[in-house]
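Colleague:
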Amino acid sequence: MQTTTSSLMKMKQEGRKITALTAYDYAFACMLDQEGIEIILVGDSLGMVVQGKKNTLAVTMDEILYHTSMVARACQSAMVVGDMPFMSYQGSLDRAVENAGRFLKEAGASAVKLEGGADVCPAINAMARAGIPVQAHIGLTPQSVHQMGGFKVQRDEERLLKDAKDVENAGAFSVVLEGIPSPIAEKITKTLKIPTIGIGAGPACDGQILVLHDMLGINDRFLPKFVKKYADLAGEARKGLASYIEEVKQGKFPSDEYEYK
Numbered sequence: 002m003q004t005t006t007s008s009l010m011k012m013k014q015e016g017r018k019i020t021a022l023t024a025y026d027y028a029f030a031c032m033l034d035q036e037g038i039e040i041i042l043v044g045d046s047l048g049m050v051v052q053g054k055k056n057t058l059a060v061t062m063d064e065i066l067y068h069t070s071m072v073a074r075a076c077q078s079a080m081v082v083g084d085m086p087f088m089s090y091q092g093s094l095d096r097a098v099e100n101a102g103r104f105l106k107e108a109g110a111s112a113v114k115l116e117g118g119a120d121v122c123p124a125i126n127a128m129a130r131a132g133i134p135v136q137a138h139i140g141l142t143p144q145s146v147h148q149m150g151g152f153k154v155q156r157d158e159e160r161l162l163k164d165a166k167d168v169e170n171a172g173a174f175s176v177v178l179e180g181i182p183s184p185i186a187e188k189i190t191k192t193l194k195i196p197t198i199g200i201g202a203g204p205a206c207d208g209q210i211l212v213l214h215d216m217l218g219i220n221d222r223f224l225p226k227f228v229k230k231y232a233d234l235a236g237e238a239r240k241g242l243a244s245y246i247e248e249v250k251q252g253k254f255p256s257d258e259y260e261y262k
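Going by this note's numbering, the sequence shown opens with residue 2, and the numbers climb by one from there.
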């Protein structure tokens, strides 16, 4: 069954947890969709985990649209959310709506995500009025890493509650809560009618999201406290690579069974 904004709202109302992960290409998106994930976010995190950059700020619209189109082609049931990159929505409202529309029109996404609280509510409202579903993102917002002075846990309960209510009132269909202490995230989740998706925000959120490359152990970089590694794909891949290199150098591959006669 196709995941929609309505089905996500119903899941919150019924107390059923929402599952979400990032993906950046067709192969992984196929696996996630086939396993029944509800939301696939084509995150601007691709700047760090795919492109090897220090943060997400340099990711462009064309780059993320390219990755979103690959993911969207793979999905039959998951909702594909395209992550709006830095400076694609912070300027004029017309430009923000135009860029958001490209995710649906050109890349095949079902929704977009943008970072910020009260400050981005005009953009959320303009997109929603244009028929574009918007997922909000408050708390630790990576695109504001320099303004925040680094990747820091956000503890201002009054501001966070206000941001959450503001994005809901502006028309967001859900909101990502990142880097927020569990008690605050729980209070936000109970306050809002729309679903909350947590990342480093404790178990009370309506759903959870992680970066795919982190939870599958593809990356060797530092992992935040909130990441649980469910596999060690990097370790398994290295074993396979080492065996291949050794067998080729020793003349063991290709053996007879891999030859055409």
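We put the CB at the ideal spot given by N, CA and C, even for glycine.
Is Thr4 helix, strand or coil by DSSP?
Modeller: For this step, residue 4 is matched to residue 3 along the sequence shown. In the structure shown, Thr4 sits in coil (DSSP, three-state: anything other than H, G, I, E or B).
Colleague: Based on DSSP bridge pairs, tell me the residues matched to Asp84.
Modeller: Here residue 84 refers to the residue found at position 83 of the sequence shown. Paired residues: Lys114.
Colleague: Check whether the Cβ atoms of Ile210 and Ala21 lie closer than 8 angstroms to each other.
Modeller: As a first step, residue 210 is located in the sequence shown; it is residue number 209 there, counting from the start. As a first step, residue 21 is located in the sequence shown; it is residue number 20 there, counting from the start. The answer is yes: Cβ separation under 8 angstroms.
Colleague: Which value, in whole angstroms, describes the spacing of the CA atoms of Val168 and Val121?
Modeller: Residue mapping note: residue 168 aligns to position 167 of the sequence shown, counting from 1. Residue mapping note: residue 121 aligns to position 120 of the sequence shown, counting from 1. Distance between the alpha carbons of Val168 and Val121 is about 8 angstroms.
Colleague: Kindly provide the ranges of any beta strand (DSSP E) runs that are 3 or more residues long and lie completely inside the segment 200-238, ordered along the chain.
Modeller: 208-211
Colleague: Going straight from the alpha carbon of Ser70 to that of Gln251, what length do you get?
Modeller: Walking along the sequence shown from the start, residue 70 turns up at place 69. Walking along the sequence shown from the start, residue 251 turns up at place 250. So the two alpha carbons sit approximately 42 angstroms from each other.
Colleague: According to DSSP, Ser256 sits in a beta bridge with which residue or residues?
Modeller: By one-based count along the sequence shown, residue 256 stands at place 255. DSSP output for Ser256 lists no bridge partner at all.
Colleague: Report the rounded CA-to-CA distance for Ser89 versus Asp233, giving the unit in angstroms.
Modeller: Translated into the one-based positions of the sequence shown, residue 89 becomes position 88. Translated into the one-based positions of the sequence shown, residue 233 becomes position 232. Answer to the nearest angstrom: the Cα atoms are 35 angstroms apart.
Colleague: Bridge partners for Gln35 per DSSP, in chain order?
Modeller: Taking the first residue of the sequence shown as position 1, residue 35 is located at position 34. For Gln35, which the question treats as bridged, DSSP gives no partner whatsoever.
Colleague: Among Ile198, Leu58, His138 and Lys11, which has the Cα closest to the Cα of Val40?
Modeller: Walking along the sequence shown from the start, residue 40 turns up at place 39. As written in the sequence, residue 40 is Ile, which differs from the Val given in the question. With distances taken between CA atoms, Ile40 lies nearest to Ile198 out of Ile198, Leu58, His138 and Lys11.
Colleague: Can you tell which of Ser175, Gln77, Leu162 and Pro225 has its C-alpha closest to the C-alpha of Asp207?
Modeller: Position 206 of the sequence shown holds residue 207. Of the listed residues, the one whose Cα sits closest to Asp207 is Ser175.
Colleague: I think Val154 touches Asn56, with their Cβ atoms under 8 angstroms apart; what is that distance to the nearest whole Å?
Modeller: The residue you call residue 154 lines up with position 153 of the sequence shown. The residue you call residue 56 lines up with position 55 of the sequence shown. Their Cβ separation, rounded to whole angstroms, is 17 angstroms, which puts Val154 and Asn56 out of contact at 8 angstroms.
Colleague: So Asn126 and Ala171 are supposed to be a Cβ contact under 8 angstroms. How far apart are they, rounded?
Modeller: The count along the sequence shown starts at 1 and reaches residue 126 at position 125. The count along the sequence shown starts at 1 and reaches residue 171 at position 170. The Cβ separation is near 5 angstroms, so the contact holds.
Colleague: What residue range is occupied by the uninterrupted alpha helix (DSSP H) comprising Leu162?
Modeller: Along the sequence shown, read from residue 1 onward, the residue named residue 162 stands at position 161. Here the alpha helix (DSSP H) through Leu162 covers Glu158 to Ala171.
Colleague: Tell me Leu42's beta-bridge partners as DSSP assigns them.
Modeller: Looking up residue 42 in the sequence shown gives position 41. According to DSSP, which records beta bridges pairwise, Leu42 is partnered with Thr23 and Val82.
Colleague: Leaving aside the five residues before and after Tyr27 along the sequence, list all residues of the same chain whose C-beta is less than 8 angstroms from its C-beta, in chain order.
Modeller: The residue you call residue 27 lines up with position 26 of the sequence shown. Counting only Cβ-Cβ distances below 8 angstroms, and skipping sequence neighbours, we find Met71, Val72, Arg74 and Ala75.
Colleague: Assuming the contact rule is C-beta atoms closer than 8 angstroms, Val81 and Ala110 should be a hit. Round their C-beta distance to whole Å, please.
Modeller: Stepping through the sequence shown from its first residue, residue 81 is reached at position 80. Stepping through the sequence shown from its first residue, residue 110 is reached at position 109. Confirmed, Cβ separation roughly 5 angstroms.
Colleague: Alpha carbon to alpha carbon, how far is Tyr259 from Thr4? Give it in angstroms, no decimals.
Modeller: Counting from one through the sequence shown, the residue named residue 4 turns up at place 3. Counting from one through the sequence shown, the residue named residue 259 turns up at place 258. Each residue's Cα considered, the two are about 43 angstroms apart.
Colleague: Given a threshold of 16 other Cβ atoms within 10 Å of its Cβ, counted over all protein chains shown, does Glu116 qualify as buried or as exposed?
Modeller: Locating residue 116 in the sequence shown gives position 115, counting from the first residue. Per the 10 Å Cβ criterion, buried.
Colleague: Looking only at C-alpha atoms, which of Glu158, Arg17, Leu47 and Ala79 sits nearest to Asp215?
Modeller: Translated into positions along the sequence shown, residue 215 becomes position 214. The residue with the shortest Cα to Cα distance from Asp215 is Leu47.
Colleague: Once DSSP output is grouped into helix, strand and coil, what is the label at Val249?
Modeller: By one-based count along the sequence shown, residue 249 stands at place 248. In this structure, Val249 counts as helix in the three-state DSSP scheme.
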